[in-house]
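Below is one structure, written out as structure tokens; comments come after it.
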Amino acid sequence: MTGALTYIAAVVLHSIRSGQRYGFQIMAASGIPSGTVYPALRRLEKGGLIRSQWEKAAVARAEQRPIRKYYQVTHEGESALAEAGKRYRFPEMEVAPREADR
Amino acid sequence: MRFVRPPLESRLLLWAASVLVPSALRADWRREWDGEVWWWIATRPGAARTVRQRLALAGHCAGAIRDAICLWFEDEDRLGGPRAALRRPGACLAAGLSLIASIGVLSGGFANTRRSLRAAFGPPDSSLAILSQTGPFMGQRIGVTPLKVAYWDRHSASLRGTAVYAWYRSTIGSDSLRTSDLPAAKVGARFFSLLGAQPQIGRVFSPDDLQSCRLCAVVGYDYWKRLGADRGIIGRTITVDGRPFRVIGVLRKDFWFLGERPAVWSLFDVGMWAGYPGATTGAVCRLKAGMPPGAVEQQLRTLAREVAPRESGAWVTVTPLDAIVSRPVASLGPLFIAFAGLALLCALAGLIVRGEAIAGAFLVSKTVVFLSVVFLAGFEFGGAASITQTGGTTAAAGTAFWWLIVAGCLSLRWVWNDQRKRCRRCLSRLMLPVRIGEGARMLLEPAGTEMACPRGHGVLFTVEGDSIAPRDRWYPLDATWRDLFAPAAKTSL
Chain A
2 MTGALTYIAA VVLHSIRSGQ RYGFQIMAAS GIPSGTVYPA LRRLEKGGLI
52 RSQWEKAAVA RAEQRPIRKY YQVTHEGESA LAEAGKRYRF PEMEVAPREA
102 DR
Chain B
191 MRFVRPPLES RLLLWAASVL VPSALRADWR REWDGEVWWW IATRPGAART
241 VRQRLALAGH CAGAIRDAIC LWFEDEDRLG GPRAALRRPG ACLAAGLSLI
291 ASIGVLSGGF ANTRRSLRAA FGPPDSSLAI LSQTGPFMGQ RIGVTPLKVA
341 YWDRHSASLR GTAVYAWYRS TIGSDSLRTS DLPAAKVGAR FFSLLGAQPQ
391 IGRVFSPDDL QSCRLCAVVG YDYWKRLGAD RGIIGRTITV DGRPFRVIGV
441 LRKDFWFLGE RPAVWSLFDV GMWAGYPGAT TGAVCRLKAG MPPGAVEQQL
491 RTLAREVAPR ESGAWVTVTP LDAIVSRPVA SLGPLFIAFA GLALLCALAG
541 LIVRGEAIAG AFLVSKTVVF LSVVFLAGFE FGGAASITQT GGTTAAAGTA
591 FWWLIVAGCL SLRWVWNDQR KRCRRCLSRL MLPVRIGEGA RMLLEPAGTE
641 MACPRGHGVL FTVEGDSIAP RDRWYPLDAT WRDLFAPAAK TSL
């Protein structure tokens with residue numbers, strides 16, 4: 002991804018870096034609505050700042066829940082986040098206890 | 191954790207959003223959003239039970255629509271196809287033909303053009319003629335006095351009848367509509383019968399109306415439509431400049447006289463003009479069978495001297511109506527042919543010099559289509575159909591004539607420029623324009639633009655500094671370059 006990150010993209014990246022690993026968690030932690038989070042995730046992935054991976058279906062089945070797509074920050078993402086940290090002040094990531102447990 | 195099925199409205203929103211998602215991504219997208227909704231419900235006790243909760247969930251699912259729209263716009267393959275198709279020569283011609291069809295729909299099936307063509311190529315009616323006079327100053331054409339017309343009508347042995355007409359603007363009011371500055375006409379009682387006009391409903395004027403129906407009016411078809419096309423209009427009263435008139439008929443849609451389409455026609459009051467002996471008006475007449483206009487002119491001049499001996503310089507002219515109404519086609523037809531001929535010459539030159547037969551055929555087709563757009567628009571909406579010799583329409587006709595010349599030149603310029611910026615092989619419109627050349631060297635080596643064929647056939651370099659003879663250089667690309675243009679090439683026609 003070329004150029005500086007937008008604030009929304011930086012917050013999404015920051016929330017992944019903080020341990021929020023899938024869409025709903027990121028949304029709940031950052032407070033950004035779902036219609037903004039998913040396009041931002043896609044752009045970040047397209048730009049190589051994050052990568053995604055579907056979890057194994059057996060894990061989800063064992064926990065009786067839908068399968069999740071996990072996101073992870075790449076090296077390029079780390080650098081971009083460090084750059085963005087100089088320009089933006091990120092919000093405190095508050096993860097709901099039930100979400101954090103999962 | 192127990193699976194809770196989302197409510198109907200949320201499922202519908204997700205389904206509607208998924209339609210927008212490109213099919214290759216749809217399964218993954220749906221799986222991620224199903225999980226999203228599941229988590230939303232699972233993390234809220236009693237979710238999706240109350241109306242408030244259901245609305246909140248629906249609002250959350252609305253985010254899926256936004257996400258899907260983003261994906262829809264990001265899908266380059268989907269946009270690449272139509273974009274490439276729009277650059278093809280067929281799209282250019284289709285756009286021109288669509289414009290022609292739109293003009294046809296808006297103008298009621300090219301009404302003015304058909305009328306002008308009928309007048310130009312239809313069976314001649316040489317017995318109808320316009321009476322006018324050559325004025326004393328610079329030989330300009332002026333109307334005739336109503337008194338002379340009445341005298342000719344009574345005494346001329348070469349005329350079957352005459353009728354005066356005068357155009358003016360008026361304020362017309364009805365029960366439902368009051369409109370200012372509408373075209374109106376005052377005509378002699380035999381005007382419509384001389385022209386052979388038939389009414390749509392009701393009747394037109396007859397000589398008896400001069401005695402029994404002086405404040406009667408015939409309504410034009412267009413104005414009748416504006417009033418709601420009510421067939422019960424006959425017998426109702428309308429006001430023309432504040433005076434009440436009883437409607438006796440509605441003219442047919444195809445009635446046309448010298449390009450004017452008055453809203454209301456009323457009777458010409460010759461008595462009112464008695465106090466203005468020098469005032470002139472238009473006059474139409476029907477010649478007796480076999481009478482040549484020249485002989486009629488001589489006779490009318492003799493009679494005119496009896497009415498007004500002092501007007502020796504006011505020579506009467508008898509102009510067959512055919513010669514006037516064919517004027518638009520006679521004037522504009524050669525103009526159209528000249529423009530199209532120019533394109534044909536260019537196409538022939540290209541064929542002879544470079545062997546570009548298809549490019550030439552495209553150039554000629556494109557020229558004819560877009561010139562047709564300009565000329566049809568001129569005839570239907572620009573007043574070109576009123577290009578006549580008679581007074582009253584001269585300003586509009588002159589404007590229309592010059593508009594057509596300017597618009598025709600501009601459309602030719604656009605057609606030529608469009609042709610320059612097309613691929614020499616597939617005729618697709620070139621893309622990716624890049625300005626090249628250094629600003630500091632522009633005086634010695636003008637900057638240019640480089641454009642590429644969307645299917646990878648070649649690159650065009652145009653030098654823009656040379657305004658007299660622009661130099662275009664076309665560099666064909668071999669097949670090894672095609673991968674760069676894969677999305678466009680894959681989806682092209």
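As you go down the protein sequences, you meet chains A and B in turn.
Everything in the first sequence is counted per my numbering, starting at 2 for the first residue and increasing by one.
Everything in the second sequence is counted per my numbering, starting at 191 for the first residue and increasing by one.
Glycine included, C-beta positions come from ideal geometry on N, C-alpha and C.
All of these numbers come straight from a predicted model, not from anything done at the bench.
Asked, Found
"Proximal chain A residues relative to B:E226, where beta-carbon distance stays under 7 Å", "G24, F25 and S35"
"Assigned exposure category for B:A207 - 16 Cβ within 10 Å defines buried", "buried"
"Length of the line joining the Cα atoms of B:F435 and B:V454", "10 Å"
"C-beta contact flag for A:K70 and A:Y8 at 9 Å", "no"
"Unbroken stretches of the alpha helix (DSSP H), 4 residues or longer, contained in the stretch 55 to 92 of chain A", "58 to 63 and 76 to 88"
"Residue interval of the beta strand (DSSP E) (run including B:Q390)", "P389 to G392"
"Residue from B:L493, B:V377 and B:A479 with nearest C-alpha to B:F447", "B:V377"
"CA-to-CA distance, B:P196 to B:W223, given in whole angstroms", "12 Å"
"Stretch-stretch touch, CB-based, cutoff 8 Å, three pairs: the stretch 402 to 422 of chain B with the stretch 342 to 361 of chain B", "no"
"Beta carbon proximity, B:L296 to chain A, threshold 9 Å", "no"
"Short Cβ contact (9 Å threshold) for A:W55 with B:D257", "no"
"Within chain B, partners of A:R52 - CB distance below 7 Å", "Per Cβ cutoff of 7 Å: no residues; A:R52 is ~15 Å from chain B at best."
"Whole-number beta carbon distance between B:T652 and B:D668, since they are thought to touch under 8 Å", "At roughly 22 Å, the Cβ-Cβ gap does not stay under 8 Å, so B:D668 and B:T652 are not in contact."
"Below-9 Å beta-carbon distance, A:I68 vs any chain B residue", "yes"
"contact_flag[the stretch 274 to 289 of chain B, the stretch 601 to 621 of chain B] where n(CB pairs < 8 Å) is 3 or more", "yes"
"Three-pair Cβ contact test at 8 Å for the stretch 295 to 307 of chain B versus the stretch 559 to 574 of chain B", "yes"
"Proximity test, Cβ basis, 9 Å: B:R221 and chain A", "yes"
"Euclidean distance between Cα positions of B:Q243 and B:W230", "11 Å"
"Closest Cα partner of B:R433 within the set B:P483, B:L457 and B:W414", "B:L457"
"Segments of 4+ residues assigned as alpha helix (DSSP H) that fall wholly inside the stretch 322 to 399 of chain B", "336 to 345 and 381 to 385"
"Any beta strand (DSSP E) of 3 or more consecutive residues that is wholly inside the stretch 432 to 490 of chain B", "433 to 441, 454 to 457 and 472 to 477"
"Secondary structure of B:T507, DSSP reduced to three states", "strand"
"Cβ of B:E199 within 9 Å of any chain A Cβ", "no"
"Assigned exposure category for A:Q73 - 16 Cβ within 10 Å defines buried", "exposed"
"Nonlocal neighbours in the same chain, by C-beta distance under 8 Å from A:R52, ignoring five residues either side", "E46, Y72, Q73 and T75"
"contact_flag[the stretch 331 to 345 of chain B, the stretch 489 to 501 of chain B] where n(CB pairs < 8 Å) is 3 or more", "yes"
"Any chain B beta carbon closer than 9 Å to A:Y39", "yes"
"Burial state of B:R610 (16 or more Cβ within 10 Å)", "exposed"
"B:P666 (DSSP reduced to helix, strand or coil)", "strand"
"Environment of A:Q26 [buried if 16+ CB atoms lie within 10 Å]", "buried"
"Other residues of its chain near B:V558: CB distance less than 6 Å, five sequence neighbours each side excluded", "A530"
"Among B:W262, B:S200 and B:W205, the one whose alpha carbon lies nearest that of B:V241", "B:S200"
"CB contact below 9 Å: A:R62 versus chain B", "no"
"Rounded straight-line distance, which links the Cα of B:P510 to that of B:L490", "15 Å"
"Pairwise C-alpha distance: B:G550 and B:P212", "40 Å"
"Contact with chain B by A:A10, beta-carbon distance below 9 Å", "no"
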